[in-house]
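Read the structure below first, then the notes.
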Amino acid sequence: GAVVSQHPSWVICKSGTSVKIECRSLDFQATTMFWYRQFPKQSLMLMATSNEGSKATYEQGVEKDKFLINHASLTLSTLTVTSAHPEDSSFYICSASPPGGRETQYFGPGTRLLVL
Amino acid sequence: AQKITQTQPGMFVQEKEAVTLDCTYDTSDPSYGLFWYKQPSSGEMIFLIYQGSYDQQNATEGRYSLNFQKARKSANLVISASQLGDSAMYFCAMRLTGGGNKLTFGTGTQLKVEL
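Top line first, the protein sequences correspond to chains C and U.
Counted from 1, the first sequence has number 417 at position 56 by my numbering; the numbering is strictly sequential.
Counted from 1, the second sequence has number 854 at position 88 by my numbering; the numbering is strictly sequential.
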């Protein structure tokens, strides 16, 4: 299947700092990528849809000024958690779909964020 | 709005036995896709199997098969010949055609395979 990578896999930061997470589609181009957040023992919740060359579409209740998304190329989307606080500690995971086919979404390995 | 329900928070199965993980869905859209993903403790989401709403036959992928009952709006995952490595969290998800390819996930089922 298609490969999606994420970097970093782990990040620990101090409260108030900003953290950038990268999501890359390695062997296909993705005009759309998705960012999810998952709290322990819970399901994945869609945060936003990242659109190449245009603004991201955020789900209801997600602060767009706090979670900045940039989709600058067909293989890279970034999520920046600005002024992170302990409640932002979570597992962030991205996904992308190869063009055509059955539109299966392939997920990155995820990024665990811990804000102290 | 669409909704996915997984009523089994945890399941146990003995090695080499088959297990069925339940998933029901709710949508008024006639065109949709149903997915199953496996999430081991490492956190990665592994795609297992896909069923389109207009597919005539139930999907199968190796040891995984999807028992698709459209009238009952259920899409249960059957894992045959369970292996210890199958122990993980399993999520059912739905995508609406024309919904921007967004996935809605169920709450998941934690499967543990025992010797």
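From the three backbone atoms N, C-alpha and C, an ideal C-beta is built for every residue, glycine too.
Bear in mind that the values here come from a model prediction, so they are computed numbers and not experimental data.
Quick test of your reading: C/Ser-404 and U/Gly-874, contact by CB under 8 Å. State the CB separation rounded to the nearest angstrom. Along the first sequence, one-based indexing puts residue 404 of chain C at 43. Along the second sequence, one-based indexing puts residue 874 of chain U at 108. Sure, about 6 Å apart at Cβ, within 8 Å.
Per-residue burial, C/Ser-411 [other beta carbons within 10 Å of its own, 16 or more giving buried]: The residue labelled residue 411 of chain C in the question sits at position 50 within the first sequence. Buried, since its Cβ has 16 or more Cβ neighbours within 10 Å.
Determine which residues share a DSSP beta bridge with C/Ala-409 and list them. Within the first sequence, residue 409 of chain C is the residue found at index 48, counting from 1. For C/Ala-409, which the question treats as bridged, DSSP gives the partners C/Trp-396, C/Tyr-419.
Going along the stretch 379 to 412 of chain C in order, which residues come within less than 9 Å of chain U, judged by CB to CB distance? Thr-393, Phe-395, Tyr-397, Gln-399, Lys-402, Gln-403, Ser-404, Leu-405, Met-406, Leu-407, Thr-410
Could you check whether C/Ser-386 and C/Thr-472 sit closer than 9 Å to each other, using their CB atoms as the reference points? In the first sequence, the residue the question calls residue 472 of chain C occupies position 111. In the first sequence, the residue the question calls residue 386 of chain C occupies position 25. No. Outside cutoff.
Euclidean distance between Cα positions of U/Asp-852 and U/Asp-821: Residue numbering aside, residue 852 of chain U sits at position 86 when the second sequence is read from its first letter. Residue numbering aside, residue 821 of chain U sits at position 55 when the second sequence is read from its first letter. Spanning the two alpha carbons is a distance of roughly 27 Å.
Could you check the C-alpha separation between U/Leu-881 and U/Leu-850 for me, to the nearest Å? Within the second sequence, the letter at position 115 stands for residue 881 of chain U. Within the second sequence, the letter at position 84 stands for residue 850 of chain U. The alpha-carbon atoms of U/Leu-881 and U/Leu-850 are separated by roughly 8 Å.
What is the DSSP secondary structure of U/Asp-792, reduced to helix, strand or coil? For the purposes of this step, residue 792 of chain U is identified with residue 26 of the second sequence, where counting begins at 1. U/Asp-792: strand per DSSP, three-state reduction.
Mapping the DSSP letters down to three states, classify U/Gly-776 as helix, strand or coil. In the second sequence, counting from the first residue as 1, residue 776 of chain U sits at position 10. Strand.
With a cut-off of 8 Å, do at least 3 Cβ pairs link the stretch 776 to 794 of chain U to the stretch 836 to 850 of chain U? yes
Hey, how far is the Cα of U/Gly-864 from the Cα of C/Leu-435? For the purposes of this step, residue 864 of chain U is identified with residue 98 of the second sequence, where counting begins at 1. For the purposes of this step, residue 435 of chain C is identified with residue 74 of the first sequence, where counting begins at 1. Whole-angstrom Cα-Cα distance: 21 Å.
For C/Glu-438, which residues from the same chain have a beta carbon less than 6 Å from its beta carbon, with the 5 sequence-adjacent residues on both sides left out? In the first sequence, the residue the question calls residue 438 of chain C occupies position 77. Checking the sequence, you will find Ser at residue 438 of chain C rather than Glu. Hits under 6 Å: Cys-384, Met-394, Ser-411, His-432.
Helix, strand or coil for U/Glu-783? Go by DSSP, reduced to three states. Counting from one through the second sequence, the residue named residue 783 of chain U turns up at place 17. Residue state, collapsed to three classes: coil.
Please report whether the beta-carbon of C/Pro-470 lies at a distance below 9 Å from any beta-carbon of chain U. By one-based count along the first sequence, residue 470 of chain C stands at place 109. Closer than 9 Å to some Cβ of chain U, the Cβ of C/Pro-470 qualifies, so yes.
Going by DSSP in three states, C/Glu-448 sits in which element: helix, strand or coil? Within the first sequence, the letter at position 87 stands for residue 448 of chain C. DSSP places C/Glu-448 in helix when its eight states are reduced to three.
At a CB distance below 7 Å, what residues from the stretch 421 to 434 of chain C approach chain U? Give them in sequence order. none
Residues that C/Thr-472 bridges to, as DSSP identifies them: Start at 1 with the first residue of the first sequence, and residue 472 of chain C comes out as number 111. Paired residue(s): C/Tyr-453.
Assigned secondary structure, U/Ala-862 (DSSP; H/G/I helix, E/B strand, else coil): Reading the second sequence from its first residue, position 96 is the one you call residue 862 of chain U. A quick correction: the sequence has Leu, not Ala, at residue 862 of chain U. If DSSP states are grouped into helix, strand and coil, U/Leu-862 belongs with the strands.
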